[in-house]
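Written below as structure tokens is the structure these notes are about.
Following this line, the structure appears as structure tokens:
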């Protein structure tokens with residue numbers, strides 16, 4: 001069951017392309033709670049999940065995993081991934097240690 005959706009856009013100078021994120025309700029899989037999500041990148045959808053010991057942890061870690069995935073994307077690095085306004089983030093929490101991830105010499109996020 002889908003519990004949340006967010007629409008981002010990829011603005012590369014031509015017509016903006018939709019990048020929809022869908023998150024599903026946590027489900028118990030043999031004692032581990034997982035929360036599936038899909039990021040519909042223009043090239044191909046990416047399906048994954050976050051997991052936790054209970055539904056709260058599964059939801060929280062899934063939201064963080066989505067945030068890390070967005071900030072680590074080539075679209076973010078190119079500055080063309082947009083939620084509300086360019087450069088204002090995507091509305092997903094980042095773990096404190098995730099705020100200073102590096103790709104080469106470039107910070108992914110320093111907010």
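Numbering (full-length UniProt numbering), first residue to last: 1 to 111. The beta carbon of each residue, even a glycine, is placed where N, CA and C say it ideally should be.
Residue burial classification, residue i (beta-carbon count within 10 angstroms, cutoff 16)
{"i": "residue 44", "result": "exposed"}
{"i": "residue 114", "result": "Nothing about residue 114 can be read from this structure; the chain reaches only from 1 to 111."}
{"i": "residue 66", "result": "buried"}
{"i": "residue 95", "result": "exposed"}
{"i": "residue 16", "result": "exposed"}
{"i": "residue 102", "result": "Confidence at residue 102 is low in this model, with a pLDDT of 42, below 50, so the placement of that residue should be treated as unreliable; the coordinate-derived value is given next. Result: exposed."}
Proximity below 9 angstroms, CB of residue i to CB of residue j
{"i": "residue 42", "j": "residue 72", "result": "no"}
{"i": "residue 40", "j": "residue 20", "result": "yes"}
{"i": "residue 61", "j": "residue 35", "result": "yes"}
{"i": "residue 64", "j": "residue 87", "result": "no"}
{"i": "residue 58", "j": "residue 26", "result": "yes"}
Bridge partner(s) assigned by DSSP for residue i
{"i": "residue 18", "result": "9"}
{"i": "residue 4", "result": "23"}
{"i": "residue 28", "result": "33"}
Meets three-Cβ-pair contact criterion under 8 angstroms: the segment 73 to 81 and the segment 50 to 62: Taking a contact to require three or more Cβ pairs closer than 8 angstroms, the segment 73 to 81 and the segment 50 to 62 do not qualify as touching.
Alpha helix (DSSP H) segments (min. 4 residues) lying fully within the segment 42 to 91: Annotation: the segment 42 to 91 contains the following complete segments of the alpha helix (DSSP H) (minimum length 4 residues), in chain order: 55 to 71, 74 to 77.
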